[in-house]
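Counting from -19, one number per residue, gives the positions in the sequence shown under our numbering. Cβ coordinates follow ideal geometry from the N, Cα and C atoms, glycine included. Treat the numbers as computed from the prediction; the structure is a model and nothing was measured. Notes follow the structure.
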Amino acid sequence: MELAGLAGVMASVLGLALTLYGVFYNGRATRALIESIRQDIQAVHETMRAVQETTRAIHEDGQRRHEELLTYLREMDRRHTELMAAIAQRHS
């Protein structure tokens, strides 16, 4: 009977040890998973910042080119008006 009792106690101790190991291992795995998720979120934030910066730069470049085109078109309109006036004056 003592042997059976000892075996029961040893089984309980083994069960407790396995439970504690499982909790520790799962806790470690959970912490590793949380850290991995945190790193993924940080990478997404960095990517989003880079995309926003690129988008801003593209937008600013587009605005600059738009202004340059408007300036060019105004100059061409001015020259066209002068040319038409000169032609009209010659034919008068």
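- Nearest-angstrom Cα separation, counted from M56 out to E40: Within the sequence shown, the letter at position 60 stands for residue 40. Within the sequence shown, the letter at position 76 stands for residue 56. Cα-Cα distance, rounded: 24 Å.
- Message: At the level of alpha carbons, what is the spacing between T(-1) and L(-14)?
- Response: Along the sequence shown, one-based indexing puts residue -1 at 19. Along the sequence shown, one-based indexing puts residue -14 at 6. Cα to Cα, the separation comes out at about 19 Å.
- Message: Which complete alpha helix (DSSP H) runs does the stretch -13 to 13 hold, if anything under 4 residues is left out?
- Response: Entirely contained in the stretch -13 to 13, not one alpha helix (DSSP H) run reaches 4 residues.
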